[in-house]
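Trainee: Residue numbers (UniProt numbering), protein chains in the order written: chain A, 1 to 210; chain G, 1 to 253.
Built from N, CA and C at the ideal position, the CB exists for glycine as well.
Keep in mind it's a predicted model, so treat the numbers as computed, not measured.
The structure under discussion is supplied below as C-alpha cells; questions concerning it will follow.
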Amino acid sequence: MAVTGILLVLFLIAHMLGNLKIFFGPASFDHYAHWLRTIGSPVLPDTWYLWIQRAVLGTALVAHIWSATVLARRARVARPVRYAHRPKVHGSYAARTMRWGGVIIALFVVYHLLDLTTGDLNPVGDPRRPYANVAAGFAPERWYVTLVYTVAIVTLGFHLRHGMFSAFRSLGQQTPRGEARARAAALGFSVALCAGFLVVPFAVIAGLVR
Amino acid sequence: MNLTLRIWRQTGPDDPGRMVSYQVPDVSPDMSFLEMLDVLNDRLTLDGEDPVAFDHDCREGICGACGMVINGVAHGPERATTACQLHMRHFRDGQTIDIEPWRAKAFPVIKDLVVDRSAFDRIIAAGGYVTAPTGAAPEAHAQLVRKSDADAAFESAACIGCGACVAACPNGSAMLFTAAKVSHLSLLPQGQPERTTRVVGMVDAHDEAGFGGCTNIGECTAVCPKGIPLTSIGRLNRDYLRATRERDGVPGT
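In C-alpha cells form, the structure reads like this:
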C-alpha cells in the first residue's frame, strides 16, 4: 500500500504543478501538454515515455487496489460476528473513509480520463487544444462538472491525509515526535494538493481562465 | 442507581448467541463494573438461572483477564482503565448498557463474555522469548541499556495481553499486541539474537491466527488499558522490513 501509494502521490504532485501552467496562457499550457508526449525524445520515439509512465502508474494503481482489497477482505473475515453496539471510529474521518473514498476516487479517475484525456465527455474534446478543453469543461453553465471535481479532490485530500501518515508508519516511522511531524506533513500536503488542483476549475468559473 | 443491561448470552461455541436484557436495581456508584455483574449473577443464581460468564482474575487492572466491550468501547468509557477498574460512577442512573464479548474470528466465544485468547499465546510462542544462559543471575550492570531504550521497552512490556486492541480494531487486527511484544524485546540487548526471526515469526503467527491487517487507524491505542503507543507498530514495521531484507544464514551480514 505504502510503496504503490507513494508512486501515485509523486504523479499527483507533478500533475498538480503541471496544471498550474494554465495560468501562463493557452500557448504555454498547450506547449506543456505537447511536451508531455515528447519527453525522452529523441532517445525514445514520441509518446514512448508517456506510455511507460502510464504502464508504471497503471501497475501501481492495480497493486494499490489489490492490496486494499486483500486488507478489506481480511478485515471482514477477522470479525465474523458484528458488534450490536458500535460507535463510529473516533480516530479520524480520513481513516474511516479510506475504503469508500478509494472507490470514489477510482470512479472519478475513469470519468476524468474520459473527460480530459480521451475527450469523450468534454464539450470540445480536442486533444490538440487542452487549454480549450479545460476552459470549456469547467464553464460556469457546467457547474455540476466542477462540483464532481471538487467532491473527488476533497475525497482525495482525505484519502491522502490518512494515506500519507499510514505510509510513513508502514515504512518504519516509530517516534512520537516523528508521528506528530508525519501527521502534520500529511495534513499540510493534502490541503496544498487540494488547493493546487481546485484552483484551476474555480479560476475558469471566475473567468480568470477562458 | 437502576440500570438496564443488554448482555450477549451464548451457551457455547456452537450457539449463535443473542443480546438479553436484565434490570439491575440498587447499584452503588462505588461498585466496580465486575462487582455490578457479580450482583446480577448472585440474583440469577438464586433465581435458578445461568449466571453470566465473564473472565476475571486480579481485579486490580494488571492481569489482563477481564475484558468486555461496554457500549461499543473495549473496557468501557474510561481511558487507560480495565473493566475491573471501571466504576459505576461513570454511568448514569437509568442508563442502558450494552455488554458484548471481544469479537474476532481468532477469539472464539467459549461462553457469554468469555473468549478463547490462546491465539495470543501462539503469537508469543512464535518469538516472544530470548535466549538466556542458565545458571546464576548475571551481574545487573554487566550489560548497559540506554535509558531511552529501557523506557520504551518498559512501556511496551506493560502490555497485559487483554485483547482490547483486537476488539477495538475495525480490521480485527492484533498488531498493537504483536508490536508491543516485538518492541519490548527488540529494544533490549538481550533480545538481539532473535531480533529478525522474532518479528517474522510473530507476524506470521498473527496472520495465521486469523487476525486482520493493520491500517494505522489507531482505535487500538485509544482503548489500550496500558496506553501502548501506536508508534510501537512503526517499530514492528521497521524490524520487519529489516528482517525481510536481511539474507538469512549468511555470516557477517
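For the putative contact between ILE105 (chain A) and THR155 (chain A), defined by C-beta atoms under 8 Å, what is the C-beta separation to the nearest angstrom?
Mentor: The pair is a contact, with the Cβ atoms about 6 Å apart (cut-off 8 Å).
Trainee: For ARG183 (chain A), which option in A:VAL191, A:HIS31, A:ARG161 and A:LYS21 has the closest C-alpha, if you only look at C-alpha atoms?
Mentor: Taking only the C-alpha atoms, the option nearest ARG183 (chain A) is A:ARG161.
Trainee: Around the C-beta of HIS31 (chain A), are 16 or more other C-beta atoms found within 10 angstroms, so that it is buried, or is it exposed?
Mentor: By the neighbour-count rule (16 or more Cβ atoms within 10 Å), HIS31 (chain A) is not buried but exposed.
Trainee: Verify whether the separation of the beta carbon atoms of TYR149 (chain A) and PHE197 (chain A) is less than 9 Å.
Mentor: Yes, the pair counts as a contact, with Cβ atoms nearer than the cut-off.
Trainee: Determine the closest residue to SER173 (chain G) out of G:ASP204, G:ARG195, G:ALA125 and G:ASP112, with distance taken between C-alpha atoms.
Mentor: Nearest C-alpha to SER173 (chain G): G:ASP204.
Trainee: Measure the Cβ-Cβ separation of VAL69 (chain G) and GLU100 (chain G) and say whether it is below 9 Å.
Mentor: Result yes, Cβ atoms of VAL69 (chain G) and GLU100 (chain G) sit closer than 9 Å.
Trainee: How would you label GLN85 (chain G), buried or exposed, when you count the other beta carbons within 10 angstroms and need 16 or more for buried?
Mentor: By the 10 Å Cβ count, GLN85 (chain G) comes out buried.
Trainee: Run through chain G and tell me which residues come within less than 7 Å of ALA180 (chain A), C-beta to C-beta.
Mentor: By Cβ distance, chain G contributes nothing, its closest Cβ being about 10 Å from ALA180 (chain A), past 7 Å.
Trainee: Under 9 Å, Cβ to Cβ, is there at least one residue of chain G near ALA78 (chain A)?
Mentor: With 9 Å as the cut-off, ALA78 (chain A) counts as an interface residue toward chain G.
Trainee: Would you list, in chain order, the members of the segment 194-214 of chain G that have their beta-carbon closer than 9 Å to a beta-carbon of chain A?
Mentor: Within the segment 194-214 of chain G, the residues whose Cβ lies closer than 9 Å to some Cβ of chain A are ASP207, GLY210, PHE211, GLY212, GLY213 and CYS214, listed in chain order.
Trainee: Just the Cα atoms here: how many angstroms apart are LEU8 (chain A) and ARG242 (chain G)?
Mentor: One C-alpha to the other measures close to 24 Å.
Trainee: Under DSSP, the alpha helix (DSSP H) around MET164 (chain A) begins and ends at which residues?
Mentor: Residues 143-170.
Trainee: So which residues of chain G does GLY5 (chain A) contact, with C-beta pairs closer than 8 Å?
Mentor: Chain G residues near GLY5 (chain A): none, gap ~12 Å exceeds 8 Å.
Trainee: GLN23 (chain G) by DSSP, collapsed to three states: which one?
Mentor: Here GLN23 (chain G) sits in strand by DSSP.
Trainee: Could you work out which residues of chain A lie near PRO229 (chain G), taking near to mean beta carbons separated by less than 9 Å?
Mentor: Simply PRO176 and GLU179.
Trainee: Run down chain G in chain order and give the residues with a C-beta less than 7 Å from the C-beta of residue 213 (chain A).
Mentor: Examination of residue 213 (chain A) is not possible in this model, given that chain A is present from 1 through 210 alone.
Trainee: Please compile the residues from chain A whose C-beta is within a distance smaller than 7 Å of the C-beta of ILE233 (chain G).
Mentor: Chain A residues near ILE233 (chain G): ARG169.
Trainee: Leaving out the 5 sequence neighbours to the left and right, which residues in its chain are closer than 6 Å to SER183 (chain G) when beta-carbon positions are compared?
Mentor: Closer than 6 Å at Cβ, skipping near neighbours: SER156, SER232 and ARG235.
Trainee: Could you check where the beta strand (DSSP E) with TRP8 (chain G) kicks off and where it finishes?
Mentor: 3-9 is the extent of the beta strand (DSSP E) around TRP8 (chain G).
Trainee: Determine the chain A residues that contact ILE217 (chain G) at a beta-carbon separation under 9 Å, and present them in chain order.
Mentor: Under the 9 Å cutoff, chain A gives VAL89, GLY91, SER92, ALA95, ARG96, MET98, HIS162 and SER166.
Trainee: With distances taken between CB atoms, is the gap from PHE54 (chain G) to MET88 (chain G) smaller than 9 Å?
Mentor: No.
Trainee: Under a CB-based cut-off of 9 Å, is LEU187 (chain A) close to chain G?
Mentor: Taking Cβ atoms only, chain G never reaches closer than 9 Å to LEU187 (chain A), which makes this a no.
Trainee: Using DSSP bridges, identify the partner residues of SER32 (chain G).
Mentor: Answer is G:HIS87, bridged to SER32 (chain G).
Trainee: Do HIS112 (chain A) and ASN71 (chain G) have their beta-carbon atoms positioned less than 9 Å apart in this structure?
Mentor: Contact flag unset, no.
Trainee: I'd like to know if GLY135 (chain G) contacts chain A, where contact means its C-beta is closer than 9 Å to some C-beta of that chain.
Mentor: No - not a single Cβ of chain A is within 9 Å of the one on GLY135 (chain G).
Trainee: So which residues on chain G does GLN172 (chain A) lean against when the C-beta distance must stay under 7 Å?
Mentor: With the sequence shown as reference, residue 172 (chain A) is identified as Gly, and Gln is not the correct amino acid for it. By Cβ distance, chain G contributes GLY234, ASN237, ARG238 and LEU241.
Trainee: Could you tell me the alpha carbon to alpha carbon distance between GLY178 (chain A) and ALA150 (chain G), rounded to whole angstroms?
Mentor: Rounded to whole angstroms, GLY178 (chain A) to ALA150 (chain G) spans 19 Å at the Cα level.
Trainee: Compare the C-alpha of TYR49 (chain A) against each of A:LEU36, A:GLY58 and A:THR59 and name the closest.
Mentor: Cα-wise, what sits closest to TYR49 (chain A) is A:LEU36.
Trainee: Could you give the DSSP three-state label for LYS111 (chain G): helix, strand or coil?
Mentor: Strand.
Trainee: Using DSSP bridges, identify the partner residues of ARG18 (chain G).
Mentor: Beta-bridge pairing links ARG18 (chain G) to G:ARG9.
Trainee: Taking all protein chains shown into account, do 16 or more other C-beta atoms lie within 10 angstroms of the C-beta of LYS181 (chain G), making it buried, or fewer, making it exposed?
Mentor: Under this definition LYS181 (chain G) is a buried residue.
Trainee: Considering just the uninterrupted stretch of the beta strand (DSSP E) at ASP47 (chain G), what are its terminal residues?
Mentor: Segment: none, ASP47 (chain G) is in no beta strand (DSSP E) and carries neither H nor E.
Trainee: Using DSSP with H/G/I as helix, E/B as strand and the rest coil, what is GLU179 (chain A)?
Mentor: Of the three classes helix, strand and coil, the one that applies to GLU179 (chain A) here is helix, per DSSP.
Trainee: Could you give the first and the last residue of the continuous beta strand (DSSP E) run that contains ILE13 (chain A)?
Mentor: Unbroken run through ILE13 (chain A) is the alpha helix (DSSP H), 2-19; no beta strand (DSSP E).
Trainee: Please return the same chain residues whose Cβ sits closer than 6 Å to the Cβ of PRO123 (chain A), not counting the five positions on each side in sequence.
Mentor: Once the five neighbours on either side are set aside, the close Cβ partners of PRO123 (chain A) are ALA136.
Trainee: Counting only C-beta atoms, is ALA75 (chain A) closer than 9 Å to chain G at any point?
Mentor: Chain G, which has a Cβ nearer than 9 Å to the Cβ of ALA75 (chain A), makes this yes.
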